[in-house]
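Every number in the working numbering is 117 more than the matching position in the sequence shown, counting from 1. What follows is one structure encoded as structure tokens, with my remarks underneath.
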Amino acid sequence: MPPIDNISLYEKYESEEQPDKGLSISLPYRPPYRFQEMLTFLEGRAIPGVELVADDEYVRTVRLVGPKGKLFFGCLRVGHDPEKKSLTATIGEELRPVLPQIIERLRRLFDLDSDPGLIYEALGSMREILPDVPVLGTRVPGSFDAFEMAVRAVLGQQITVKAASTLAGRLVGAFGCKTDTDIPELQWLFPLAADIVLLGEDVENQLGALGIIRSRARTIYELAKAFEDGSINFTSPDDVEAEIEKLMTIPGIGPWTAKYIAMRSMEWSDAFLETDAGIKKALSPYTPKEMRELAEAWQPWRSYATVNLWNSL
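And the structure:
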């Protein structure tokens, strides 16, 4: 989806200094925006030590590479200002040099460039199946950090959302980087892909000690290698389906995981997860084949159909 009004990324936000609070950035969107829905999704999948939802805000630690390869560390929080039709991000002054990256990542995470009216009209046939779906203003949760999100997706295979968050928190505590913030619950940075690659052939034992099964540990290792060598484009590729095919060459990544990663990190608007337990429940008693046939009418917005179906449960 093109940016709002085709305005360049760095011209479309307003910033304001807030003494003792940092820099406040206004991130506009096309209304309406179902912010509480987004927070609920992110809260359920928050990685302990790295991110949380509190007081109607999303809060997380940040590590980004800035000018001349320098690393910048800090914390940010994102709230909602419905009167201004924008989200408001507050960051520490120490993150100012990487502000353009932060804006870009937050717009991707919160799906701020989508056109809710256009998508709502395109998904109108969903009402023939479920009268309260779609809901105007529904967004597709993206990712702030593609590697972090992809690992979280692998950890979530065939276990509960809560159990996957627990495993992600253990991974952070074992291989992440400690950082200082003014929020006691947020003192960690998620491991880099390079940190996992360095584990080498011992990865199954190292991650196994955290309760991650051997096959999943190997998948995370191969995923980290793909991030490190750039063999897969995890952010806004020209040909998403080609990247999905590459993802599925990694042992342990099937269609569900590959399409889920594409939906959230590659900004793919057309992912339909017909084998997902929630989708099966929402569309019961249709078979997966029948679901795929129904979903053909929802192209190219099947990611939004997927999220609407999840939210209907």
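Don't be surprised by glycine CBs; every beta carbon is placed ideally from N, CA and C.
Euclidean distance between Cα positions of F189 and D297: For this step, residue 189 is matched to residue 72 along the sequence shown. For this step, residue 297 is matched to residue 180 along the sequence shown. F189 and D297 have their C-alpha atoms some 12 angstroms from each other.
Where W373 falls: helix, strand or coil (DSSP): Position 256 of the sequence shown, counted from the first residue, corresponds to residue 373. Looking at W373 - three-state DSSP - the assignment turns out to be helix.
Would you decide whether R331 is buried or exposed? Buried here means 16 or more other CB atoms lie within 10 Å of its CB. Counted from its first residue, the sequence shown places residue 331 at position 214. Classification of R331: exposed, given that the 10 Å Cβ count is below 16.
Figure out for me which residue from D249, K376, E265, M383 has the closest Cα to the Cα of S353. The residue labelled residue 353 in the question sits at position 236 within the sequence shown. The shortest C-alpha separation from S353 is found at M383.
Can you find the residues in the same chain that come closer than 6 angstroms, C-beta to C-beta, to S386, ignoring five residues on each side of it along the sequence? For this step, residue 386 is matched to residue 269 along the sequence shown. Take S386, set aside five residues on each side of it, and the residues of its chain with a beta-carbon closer than 6 angstroms to its own are P417, W418, S420, in chain order.
Starting from the N-terminal side, write out each stretch of the beta strand (DSSP E) that is 3 residues or longer and does not extend beyond the segment 189-250. For the beta strand (DSSP E) assignment, the uninterrupted runs of no fewer than 3 residues enclosed by the segment 189-250 are, from N- to C-terminal side, 203-208.
R409 - DSSP class collapsed to helix/strand/coil: Taking the sequence shown and counting its residues from 1, one reaches residue 409 at position 292. Helix, per DSSP.
Starting from the C-beta of I236, find all residues in its chain whose C-beta is less than 6 angstroms away, skip the five residues before and the five after it, and write them out in chain order. For the purposes of this step, residue 236 is identified with residue 119 of the sequence shown, where counting begins at 1. Take I236, set aside five residues on each side of it, and the residues of its chain with a beta-carbon closer than 6 angstroms to its own are W418, Y421, in chain order.
Local Cβ density within 10 Å of T277, reported as buried at 16 or more and exposed below that: As a first step, residue 277 must be located in the sequence shown, where it is residue number 160. Answer is exposed; the Cβ neighbour count stays below 16.
Three-state class that DSSP yields for A171 in the structure shown: Walking along the sequence shown from the start, residue 171 turns up at place 54. In the structure shown, A171 sits in a strand (DSSP, three-state: E or B).
For the alpha helix (DSSP H) containing S143, list its first residue and its last residue. Start at 1 with the first residue of the sequence shown, and residue 143 comes out as number 26. In this chain, S143 is not harboured by any alpha helix (DSSP H); it is covered by the beta strand (DSSP E) spanning 139-145.
At a Cβ threshold of 7 angstroms, is L303 touching chain C? In the structure shown, chain C does not exist; there is a single protein chain.
Spatial neighbours of Q323 within its chain, please: CB distance less than 7 angstroms, with the 5 preceding and 5 following residues excluded, ordered by chain position. By one-based count along the sequence shown, residue 323 stands at place 206. Contacts found: L316.
Nearest by alpha-carbon distance to V176: which of P372, A310, Y377, E302 is it? Residue mapping note: residue 176 aligns to position 59 of the sequence shown, counting from 1. Comparing Cα positions, the closest option is E302.
Through-space distance from Q274 to L430, alpha-carbon basis: Sequence index remark: in the sequence shown, residue 430 carries index 313 (1-based). Sequence index remark: in the sequence shown, residue 274 carries index 157 (1-based). Their Cα atoms are separated by approximately 20 angstroms.
Could you give the DSSP three-state label for T178: helix, strand or coil? Here the question's residue 178 lines up with position 61 in the sequence shown. Strand, per DSSP.
Starting from the C-beta of L272, find all residues in its chain whose C-beta is less than 6 angstroms away, skip the five residues before and the five after it, and write them out in chain order. If you number the sequence shown from 1, residue 272 lands on position 155. So the qualifying residues of the chain are A281, L284, A285.
Residues near F152 in its chain [Cβ-Cβ closer than 6 angstroms; skip 5 each side]: Counting from 1 along the sequence shown, the entry for residue 152 is found at position 35. For F152, same chain residues with a beta-carbon under 6 angstroms away, outside a window of 5 residues either side, are H197 in chain order.
From G328 to A359, what does the alpha carbon distance come to, in whole angstroms? Within the sequence shown, the letter at position 211 stands for residue 328. Within the sequence shown, the letter at position 242 stands for residue 359. If you take the alpha carbons of G328 and A359, they lie about 32 angstroms apart.
Around the Cβ of P199, are there at least 16 other Cβ atoms within 10 angstroms (buried) or fewer (exposed)? By 1-based counting over the sequence shown, the position of residue 199 is 82. Using a 10 angstroms sphere on the CB of P199, the tally of other CB atoms stays under 16, which defines it as exposed.
Excluding sequence positions up to five away, which residues of its chain have a Cβ less than 8 angstroms from the Cβ of A388? Position 271 of the sequence shown holds residue 388. For A388, where only same-chain residues beyond five positions count, the Cβ hits under 8 angstroms are K376, Y377, A379, M380, R419, S420, T423.
Would you mind sorting D319 into buried or exposed? The rule is 16 or more other CB atoms within 10 Å of its CB. Locating residue 319 in the sequence shown gives position 202, where the first residue counts as 1. Residue environment for D319: exposed (fewer than 16 other C-beta atoms within 10 angstroms of its C-beta).
Check whether Q218 and L169 have beta carbons under 7 angstroms apart: On the sequence shown, position 101 is the one that residue 218 refers to. On the sequence shown, position 52 is the one that residue 169 refers to. With contacts defined as CB atoms closer than 7 angstroms, Q218 and L169 fail to qualify as a contacting pair.
For the candidate residues D172, L159, A291, whose alpha-carbon lies nearest to that of L226? As a working note, residue 226 is residue 109 in the sequence shown. Residue nearest to L226 within the set D172, L159, A291 is L159 (criterion: CA-CA distance).
Using the Cβ count rule (16 or more neighbours within 10 Å means buried), how would you classify R194? Here residue 194 is taken as the residue at index 77 of the sequence shown, counted from 1. By the neighbour-count rule (16 or more Cβ atoms within 10 Å), R194 is buried.
My output table needs one value for S125: the three-state DSSP class, helix, strand or coil. If you number the sequence shown from 1, residue 125 lands on position 8. For S125, the predicted model reports a pLDDT of 38, less than 50, meaning its position is unreliable and no value from the coordinates is stated.
Can you tell me the Cα-Cα spacing of G293 and L306, whole angstroms? Here residue 293 is taken as the residue at index 176 of the sequence shown, counted from 1. Here residue 306 is taken as the residue at index 189 of the sequence shown, counted from 1. Their Cα atoms are separated by approximately 6 angstroms.
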